[in-house]
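K.L.:
Going by the working numbering, the sequence shown wraps up at 360, each residue one higher than the last.
Here it is: the structure, laid out below.
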Amino acid sequence: MGDFVYYNGASLLNADCPINFCIGNRSIGKSYYWKRYLFKQYVEKGKKFIYLRRHVNDIDMSAPTWFDDIGNVYPNYNVEFKGNIFYAKNLDTDTANICGYAFALSMIHKLKSVPMEDVDFIFFDEFIPENLQYLKPLDPTYEPKLLLSVYLTVARGYKRPIRDEVKIICAANLITLYNPYFSFFSITIKPSKKQYNKIVHNNVYVEIVTLEETANLIRESKIGKVLENTTYGDYALSNVPLLDVESNIKKRPQRCRVFFEIYLYKWYICYFDDYGNNYIAPGFDQNIKLKYKVTDVEGDNILWFKGDIVRTMRKCVENNKLFYHDMETKSALMGLLTPRVGGL
């Protein structure tokens with residue numbers, strides 16, 4: 017067996033961007049690295065942090081024990097979580113002080129009441145959900161705008177307009193390369209065999225990390241033998257996007273009619289055939305009368321994509337009657353069209 021290789025965030029930090037995305041294969045220590053780094057900033061510089069998750073129950077489940085695995089690195093400290101606050105207790109002096117906060121993106125309005133002048137880092141864990149259920153699926157700009165709101169709230173100036181040292185670090189496993197954040201920030205990055213595949217676009221940093229040494233150690237374990245030759249194993253071991261699979265990818269047949277057009281950062285056309293199948297492909301035709309928008313587009317007469325048309329399309333998904341022109345089209349629209357528990 018080889019040596020275990022941990023993730024290292026030096027490249028992200030050296031890029032010095034305000035918005036950062038870190039995506040990597042499982043079990044390489046992304047969260048471990050960042051929680052250790054955040055606590056080090058507190059111990060050495062007195063800087064606090066924000067631990068961000070999507071839902072309140074995510075915070076309730078993870079925050080109370082989030083720092084347990086770095087106890088050997090800082091044996092003189094004990095971290096306790098109460099309310100939405102992390103307290104660092106110095107065992108040598110028997111004193112406890114606030115070192116950070118935990119917030120759910122869905123309840124981020126509570127952030128307004130917290131003093132932020134000594135908070136330099138926001139760590140958003142699992143920013144890509146495995147079920148692709150974002151907070152407002154009918155508004156893919158909602159979460160990216162919330163993220164920018166969080167940044168501006170934390171980085172607002174104290175005796176200066178903005179604190180450039182503030183950084184948001186969003187981490188996730190490689191669920192998919194197509195997500196509302198990358199669409200919003202116009203990020204295009206392809207899978208690569210590089211250990212650190214990274215780009216900077218408009219002061220937004222993105223890295224896809226693949227540590228083969230770690231994957232090989234898992235392959236040699238008992239569960240690794242189970243994972244091999246499965247699609248989940250491709251994701252867990254080889255960093256293949258979990259949901260970027262080729263099912264329901266099909267070009268529309270010749271004998272199809274236009275159903276509607278939809279704008280989601282760019283235009284798509286939905287066609288249907290005589291058998292109840294629907295096909296979505298990139299494109300725009302100004303002569304098509306039935307148009308919907310998901311993200312803002314010029315034209316006050318364009319309807320928002322919601323209500324009956326959403327239910328119709330999700331019914332097509334349930335009945336396996338919806339097909340996509342290519343993987344990019346599928347990934348752009350899949351989260352929007354996936355049926356949700358409890359309605360829209």
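All C-beta atoms in this analysis are idealised placements derived from N, C-alpha and C, irrespective of residue type, glycine included.
Could you check what DSSP says for residue 273 in three-state terms: helix, strand or coil?
P.N.:
Here residue 273 refers to the residue found at position 257 when the sequence shown is read from its first residue. Correct three-state label for residue 273: strand.
K.L.:
Determine the closest residue to residue 66 out of 313, 108, 185, with distance taken between C-alpha atoms.
P.N.:
Against the sequence shown, residue 66 aligns to sequence position 50. The candidate whose alpha carbon is nearest that of residue 66 is 185.
K.L.:
Return helix, strand or coil for residue 95, following the three-state DSSP convention.
P.N.:
Residue mapping note: residue 95 aligns to position 79 of the sequence shown, counting from 1. Residue state, collapsed to three classes: strand.
K.L.:
Compute the Euclidean distance between the alpha carbons of residue 59 and residue 122, then round it to the nearest angstrom.
P.N.:
In the sequence shown, counting from the first residue as 1, residue 59 sits at position 43. In the sequence shown, counting from the first residue as 1, residue 122 sits at position 106. Roughly 30 Å between the two C-alpha positions.
K.L.:
Kindly confirm or deny that the stretch 148–157 and the stretch 100–112 touch, where touching means at least three C-beta pairs closer than 8 Å.
P.N.:
No, they do not touch.
K.L.:
Can you name, in chain order, every residue of its own chain whose Cβ lies under 8 Å from the Cβ of residue 294, other than the five neighbours on each side?
P.N.:
The residue given as residue 294 occupies position 278 in the sequence shown. 275, 286, 287, 288, 329, 332, 337, 338, 339.
K.L.:
Could you compute how far the alpha carbon of residue 56 sits from the alpha carbon of residue 227?
P.N.:
For this step, residue 56 is matched to residue 40 along the sequence shown. For this step, residue 227 is matched to residue 211 along the sequence shown. The straight-line gap from Cα to Cα measures roughly 24 Å.
K.L.:
Buried or exposed: where does residue 358 fall if 16 or more other Cβ atoms within 10 Å of its Cβ makes it buried?
P.N.:
Position 342 of the sequence shown, counting from 1, holds the residue named residue 358. Only weak support exists for where residue 358 lies, its pLDDT of 47 falling under 50; the coordinates are left without a value.
K.L.:
Quick test of your reading: residue 296 and residue 277, contact by CB under 8 Å. State the CB separation rounded to the nearest angstrom.
P.N.:
Along the sequence shown, read from residue 1 onward, the residue named residue 296 stands at position 280. Along the sequence shown, read from residue 1 onward, the residue named residue 277 stands at position 261. Wrong, their Cβ atoms sit about 10 Å apart, outside the cutoff.
K.L.:
How long is the line joining the alpha carbons of residue 33 and residue 132, rounded to whole angstroms?
P.N.:
Here the question's residue 33 lines up with position 17 in the sequence shown. Here the question's residue 132 lines up with position 116 in the sequence shown. Taking the straight line from one Cα to the other gives about 19 Å.
K.L.:
Would you call the stretch 210–219 in contact with the stretch 165–182, where contact means no fewer than 3 C-beta pairs closer than 8 Å?
P.N.:
These segments do not touch.
K.L.:
Give the DSSP-derived three-state secondary structure of residue 248 in the structure shown.
P.N.:
If you number the sequence shown from 1, residue 248 lands on position 232. Three-state DSSP puts residue 248 in a helix.
K.L.:
To the nearest angstrom, how far is it from the Cα of residue 125 to the Cα of residue 117?
P.N.:
Residue 125 sits at position 109 when you count from the first residue of the sequence shown. Residue 117 sits at position 101 when you count from the first residue of the sequence shown. Residue 125 and residue 117: Cα-Cα distance of roughly 14 Å.
K.L.:
Apply the 10 Å Cβ neighbour rule to residue 239 and answer buried if 16 or more other Cβ atoms are within range, or exposed otherwise.
P.N.:
Position 223 of the sequence shown, counting from 1, holds the residue named residue 239. Flag for residue 239 reads exposed.
K.L.:
Is the number of C-beta pairs between the stretch 260–269 and the stretch 66–83 that are closer than 8 Å three or more?
P.N.:
Result no; under three Cβ-Cβ pairs closer than 8 Å.
K.L.:
Nearest-angstrom Cα distance between residue 18 and residue 233?
P.N.:
In the sequence shown, the residue the question calls residue 18 occupies position 2. In the sequence shown, the residue the question calls residue 233 occupies position 217. Because residue 18 carries a pLDDT of 42, less than 50, the predicted location of this residue cannot be relied on, and the following value inherits that uncertainty. Approximately 7 Å between the Cα atoms of the pair.
K.L.:
Rounded to whole angstroms, what is the Cα-Cα separation between residue 346 and residue 74?
P.N.:
Counted from its first residue, the sequence shown places residue 346 at position 330. Counted from its first residue, the sequence shown places residue 74 at position 58. Using only the alpha carbons, I get a separation of about 28 Å.
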